[in-house]
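Residue numbers (my numbering): 19 to 149.
Let me begin by presenting the structure, written as structure tokens, before commenting on it.
Structure, rendered in structure tokens:
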């Protein structure tokens, strides 16, 4: 576990619609049952600080394989629930909203967004010039 979380990213998943609380609980249960996700992530349900009574999925996921497993599991959940509300996935101050079908291209964008959120910020140019 300790080694798994060395290169980790905190991710929050919420529903875009106000009636999405049931969908978020359903997605949480789906992710908890996925052994590949559980192997690379720690999941919790927490109250949304900005959305009143609604809850969000808070997870710490290992980069790379963990992000891919999360994307694939989300795609499978979405395929089983085509009428689910749009879901907002946030990491490191960056967010993407996934609506409608979740195909291979969507999973690729999902994983790329998580990987870019985990990338360190570039060093300011002023620091590089001060030698």
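All C-beta atoms in this analysis are idealised placements derived from N, C-alpha and C, irrespective of residue type, glycine included.
CA-CA distance, residue 62 to residue 76, rounds to 5 angstroms. In this structure, 130 is the residue among 130, 99, 102, 121 with its C-alpha nearest to the C-alpha of residue 114. Per DSSP, reduced to three states, the secondary structure at residue 124 is helical. In the structure shown, residue 52 falls within a coil segment according to DSSP collapsed to helix, strand and coil. Taken atom to atom, the span from the alpha-carbon of residue 102 to that of residue 25 is near 31 angstroms.
Excluding five sequence positions before and after residue 120, the CB atoms of its chain that fall closer than 7 angstroms to its own CB belong to 92, 93, 96, 97, given in chain order.
In this structure, DSSP gives residue 27 an extended state, which the three-state scheme calls strand. Taking the Cα positions, residue 29 is about 8 angstroms away from residue 110. When C-alpha distances from residue 57 are compared across 81, 132, 108, 68, the shortest belongs to 81. A distance below 8 angstroms separates the beta carbons of residue 79 and residue 27.
Contact check for residue 54 against residue 87 passes: the beta carbons are separated by less than 8 angstroms. Ranked by how close their Cα comes to the Cα of residue 31, the residues 123, 106, 126 have 106 in first place. Membership of residue 110 in any beta strand (DSSP E) is not indicated, and neither H nor E is assigned to it by DSSP.
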